[in-house]
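J.: What follows is a structure written as structure tokens; I'll ask about it next.
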Amino acid sequence: MIPKRSARRRRVLLGLVLAACLPGLARGQSPASRLEGMWSDPPTTPEGLFCFFACTDAGIARLNALLDDPANDARPFQQLQAEAKRYEREYLRDQLTPAARKRYPFDPADDPGFLRCEPWGMVRQIFAPHQLEIRQPAPDRLTLRYGEWDGLRTVHLDGRAPTPPKPTAMGHSVGRWEGATLVVETSGIAPNIIMLPDLQAMGEHSAEMRVVERYTRSADGHALHLTATLSDPRTFRAPQVLRKIWRWAPEQQIAPYDACEVPTEFKKGARP
Amino acid sequence: MTSPRAVVAALLALVASGSAASAHHAFSPVYDEARVITVAGVVTEFRFVNPHALMLMDVTDDSGKLEKWTVEFAGRLNLSEFGWTAESLKAGERVTVTGNPTHTNSPRMFFRKIVRSDGTELLPGNAQRLDTIEEQRRLRRQGQPR
Chain B
2 MIPKRSARRR RVLLGLVLAA CLPGLARGQS PASRLEGMWS DPPTTPEGLF CFFACTDAGI
62 ARLNALLDDP ANDARPFQQL QAEAKRYERE YLRDQLTPAA RKRYPFDPAD DPGFLRCEPW
122 GMVRQIFAPH QLEIRQPAPD RLTLRYGEWD GLRTVHLDGR APTPPKPTAM GHSVGRWEGA
182 TLVVETSGIA PNIIMLPDLQ AMGEHSAEMR VVERYTRSAD GHALHLTATL SDPRTFRAPQ
242 VLRKIWRWAP EQQIAPYDAC EVPTEFKKGA RP
Chain C
6 MTSPRAVVAA LLALVASGSA ASAHHAFSPV YDEARVITVA GVVTEFRFVN PHALMLMDVT
66 DDSGKLEKWT VEFAGRLNLS EFGWTAESLK AGERVTVTGN PTHTNSPRMF FRKIVRSDGT
126 ELLPGNAQRL DTIEEQRRLR RQGQPR
């Protein structure tokens with residue numbers, strides 16, 4: 002039997018270790034400190050893999066239904082995931098305006114990121130896989146830096162007007178805290194590509210796109226959840242909610258993104 | 006000697022092993038995801054870079070003709086998740102590579118598996134993740150009646 006004092010000491014030690022490993026969990030810290038640090042590929046769970054890029058509630062529900070059906074026990078997860086993704090693509094197609102539907106899915110051979118090594122715009126960047134580093138360099142702003150394209154966004158926390166004079170690739174982002182949730186509103190985003198829900202099925206959005214992102218750290222500190230509401234009357238019949246998950250990954254680093262090759266051989270119309 | 010363009014039919018598990026999880030663009034415009042080939046040769050260079058790591062290798066066919074091959078991988082930003090480093094593949098190593106060929110059958114492929122001369126294998130990270138998920142499903146089936 003472990004003496005009470007020893008057990009208490011162990012609990013205190015465990016708490017200290019947890020606080021060191023999961024910064025931002027200690028009481029009294031700012032909401033930003035709960036999110037600051039390095040995040041990367043999602044937890045290895047069915048939902049995590051399904052939401053590696055973006056996902057929808059409809060797609061997650063479909064995946065869970067397939068996983069819960071004993072008739073699918075012998076089918077590999079990858080097959081079930083592919084079936085749920087097909088369902089999700091059809092769901093998203095139904096959410097598009099007639100004009101947007103005509104160009105969905107976008108031919109990946111026409112992707113400017115592929116053809117010209119053109120960095121992603123904000124709407125694709127926020128669902129990029131791999132590293133996401135959140136920092137607060139000053140009280141009035143946060144930075145979100147992505148491993149993909151080494152993309153960098155600034156989120157202004159000083160309440161400045163959300164609409165810039167000219168649309169840019171990353172748009173203009175204004176943030177606020179709702180409890181421990183970071184809410185970011187972005188507008189002024191130049192027309193670009195959107196993953197609906199991934200690189201296998203992309204569409205295009207207009208300059209009327211508005212995005213509201215909500216970032217919340219899980220209770221155990223190990224995951225970061227994004228719920229993004231996308232509003233663009235030229236693209237969607239109604240605002241759409243896409244989700245994504247990252248894993249707390251302090252061991253990860255963002256490496257230079259300096260070796261993109263413009264393709265010399267490719268085939269148009271080759272669907273995955 | 007292994008034929009440099011030995012087409013391996015219907016390795017569907019490899020074909021489907023998740024290119025979407027590793028890219029800054031879809032691979033379908035360049036690589037034929039419905040086919041896999043296997044090539045054996047000697048590594049001349051491994052570039053651990055973004056957005057895609059590259060391995061250059063010399064492949065000699067049965068007639069003695071040397072061909073320079075390029076093997077494309079997910080990027081450093083992805084491979085680093087699974088412990089890969091710039092030293093994961095070294096010049097001079099003899100390897101057998103399985104991957105998706107290009108639509109034009111040029112000497113280039115997208116990595117699916119590498120077997121080293123000592124028999125050890127390098128696989129895409131997504132394959133490890135899928136193994137973990139299958140184990141979770143197996144445990145769930147054992148522990149939770151539905």
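Same order as they appear, the protein sequences are chains B and C. Start counting the first sequence at 2; every next residue gets the next number (our numbering). Start counting the second sequence at 6; every next residue gets the next number (our numbering). Even glycine gets a Cβ: it sits at the ideal position worked out from N, Cα and C.
Mind checking whether His226(B) and Val124(B) have CB atoms under 8 Å apart?
T.: Position 225 of the first sequence, counted from the first residue, corresponds to residue 226(B). Position 123 of the first sequence, counted from the first residue, corresponds to residue 124(B). Going by C-beta atoms, His226(B) is not nearer than 8 Å to Val124(B).
J.: If you measure from the beta carbon of Leu82(C) to each beta carbon in chain B, is any gap under 8 Å?
T.: Numbered from 1 along the second sequence, position 77 holds the residue referred to as residue 82(C). Closer than 8 Å: yes.
J.: In angstroms, rounded to a whole number, what distance separates the CA positions of Lys86(B) and Thr107(C)?
T.: For this step, residue 86(B) is matched to residue 85 along the first sequence. For this step, residue 107(C) is matched to residue 102 along the second sequence. Whole-angstrom Cα-Cα distance: 25 Å.
J.: Shortest alpha-carbon distance to Ile127(B) belongs to which of Leu116(B), Leu93(B), Ile190(B)?
T.: In the first sequence, residue 127(B) corresponds to position 126, counting from 1. Nearest C-alpha to Ile127(B): Ile190(B).
J.: Does any residue of chain C bring its CB to less than 8 Å from the CB of Phe115(B)?
T.: Your numbering for residue 115(B) matches position 114 in the first sequence. Answer yes: the Cβ-Cβ gap between Phe115(B) and chain C drops below 8 Å somewhere.
J.: Assuming contact is defined by CB atoms lying nearer than 8 Å, are Phe107(B) and Ile194(B) in contact in what I supplied?
T.: Here residue 107(B) refers to the residue found at position 106 when the first sequence is read from its first residue. Here residue 194(B) refers to the residue found at position 193 when the first sequence is read from its first residue. A contact, by the Cβ cut-off of 8 Å.
J.: Is there contact between the region 55 to 72 of chain B and the region 97 to 117 of chain C, where contact requires at least three CB pairs shorter than 8 Å?
T.: Contact between the region 55 to 72 of chain B and the region 97 to 117 of chain C is absent, because fewer than three Cβ pairs lie under 8 Å.
J.: Are the beta-carbon atoms of Pro198(B) and Ala59(B) separated by less than 8 Å?
T.: Numbered from 1 along the first sequence, position 197 holds the residue referred to as residue 198(B). Numbered from 1 along the first sequence, position 58 holds the residue referred to as residue 59(B). No, these two residues do not count as a Cβ contact at 8 Å.
J.: Alpha carbon to alpha carbon, how far is Arg146(B) from Gly176(B)? Give it in angstroms, no decimals.
T.: Walking along the first sequence from the start, residue 176(B) turns up at place 175. Walking along the first sequence from the start, residue 146(B) turns up at place 145. So the alpha carbons of these two residues sit roughly 16 Å apart.
J.: Who are the near neighbours of Trp178(B) in its chain, counting only those whose CB is closer than 6 Å to its CB and skipping five residues on each side?
T.: Start at 1 with the first residue of the first sequence, and residue 178(B) comes out as number 177. Same-chain partners within the cutoff: Pro32.
J.: What residue range is occupied by the uninterrupted alpha helix (DSSP H) comprising Met123(B)?
T.: Here residue 123(B) corresponds to residue number 122 of the first sequence, with the count starting at 1. First-last of the alpha helix (DSSP H) with Met123(B): 123 to 126.
J.: Measuring alpha carbon to alpha carbon, tell me which of Ala250(B), Ile61(B), Gly160(B), Asp74(B) ends up nearest Arg142(B).
T.: Counting from 1 along the first sequence, the entry for residue 142(B) is found at position 141. The option with the nearest alpha carbon to Arg142(B) is Gly160(B).
J.: Of all the CB atoms in chain C, is at least one closer than 8 Å to the CB of Trp150(B)?
T.: In the first sequence, residue 150(B) corresponds to position 149, counting from 1. Closer than 8 Å: yes.
J.: Within 10 angstroms of its Cβ, does Leu144(C) collect 16 or more other Cβ (buried), or is it exposed?
T.: Your numbering for residue 144(C) matches position 139 in the second sequence. Classification of Leu144(C): exposed, given that the 10 Å Cβ count is below 16.
J.: Beta strand (DSSP E) containing Gln132(B): first to last residue?
T.: Within the first sequence, numbered from 1, the residue matching residue 132(B) stands at position 131. Element bounds for Gln132(B): n/a, residue is neither H nor E.
J.: Using a 10 Å radius around the Cβ and a threshold of 16 neighbouring Cβ atoms, would you call Cys261(B) buried or exposed?
T.: What you label residue 261(B) is simply residue 260 of the first sequence in a count that begins at 1. With 16 or more Cβ atoms within 10 Å of its Cβ, Cys261(B) is classed as buried.
J.: Taking Gly180(B) as the reference, which of Tyr216(B), His173(B), Leu200(B), Lys167(B) has the closest Cα?
T.: In the first sequence, residue 180(B) corresponds to position 179, counting from 1. Per the Cα distances, Tyr216(B).
J.: Per DSSP, which residues does Leu153(B) bridge with? Please list them.
T.: What you label residue 153(B) is simply residue 152 of the first sequence in a count that begins at 1. Per DSSP, Arg146(B).
J.: When we look at the beta-carbon of Leu71(C) and count the other beta-carbons within 10 Å, is it buried (16 or more) or exposed?
T.: Here residue 71(C) is taken as the residue at index 66 of the second sequence, counted from 1. Flag for Leu71(C) reads exposed.
J.: With a threshold of 8 Å on Cβ separation, who are the neighbours of Gln254(B) within its own chain once the five nearest residues in sequence on each side are excluded?
T.: Here residue 254(B) refers to the residue found at position 253 of the first sequence. Excluding sequence neighbours, Gln254(B) sits near Met39, Gln132.
J.: List, from N- to C-terminal side, the beta strand (DSSP E) runs of 3 residues or more that fit wholly inside the region 183 to 214 of chain B.
T.: For the region 183 to 214 of chain B, whole beta strand (DSSP E) runs of length 3 or above, ordered along the chain, are 193 to 199, 202 to 206.
J.: Residues of chain B with a CB under 8 Å from the CB of Ile138(C): which are they?
T.: Residue numbering aside, residue 138(C) sits at position 133 when the second sequence is read from its first letter. By Cβ distance, chain B contributes Thr45, Thr46, Pro47, Leu50, Phe78.
J.: Have a look at Thr187(B) and Leu243(B) and give me their C-alpha separation to the nearest angstrom.
T.: Counting from 1 along the first sequence, the entry for residue 187(B) is found at position 186. Counting from 1 along the first sequence, the entry for residue 243(B) is found at position 242. One C-alpha to the other measures close to 15 Å.
J.: Assuming Ala208(B) contacts Pro240(B) (C-beta within less than 8 Å), just tell me the rounded distance between them.
T.: Numbered from its first residue, the first sequence carries residue 208(B) at position 207. Numbered from its first residue, the first sequence carries residue 240(B) at position 239. Wrong, their Cβ atoms sit about 16 Å apart, outside the cutoff.
J.: Shorter than 7 Å, the distance from the beta carbon of Met114(C) to the closest heavy atom of the ligand NAD, or not?
T.: Here there are no bound small molecules, and the ligand NAD is not part of this structure.
J.: Under 8 Å Cβ to Cβ from Ala250(B), same chain only, skipping five residues before and after it: list those, please.
T.: Numbered from its first residue, the first sequence carries residue 250(B) at position 249. Taken in chain order, the residues that qualify are Met39, Trp40, Ser41, Asp42, Gln132.
J.: Have a look at Ala27(B) and Phe78(C) and give me their C-alpha separation to the nearest angstrom.
T.: Within the first sequence, the letter at position 26 stands for residue 27(B). Within the second sequence, the letter at position 73 stands for residue 78(C). Confidence at Ala27(B) is low in this model, with a pLDDT of 48, below 50, so the placement of that residue is unreliable and no value is reported for it.
J.: Please give the ranges of any alpha helix (DSSP H) in the region 14 to 94 of chain C, keeping only runs that are unbroken, at least 4 residues long and fully inside the region.
T.: The qualifying runs are 17 to 20, 81 to 84.
J.: Report the three-state DSSP secondary structure of Tyr105(B) (helix, strand or coil).
T.: As a working note, residue 105(B) is residue 104 in the first sequence. DSSP places Tyr105(B) in coil when its eight states are reduced to three.
J.: Is it the case that the Cβ atoms of Met196(B) and Asp112(B) are separated by a distance below 8 Å?
T.: Walking along the first sequence from the start, residue 196(B) turns up at place 195. Walking along the first sequence from the start, residue 112(B) turns up at place 111. Not closer than 8 Å, so no.
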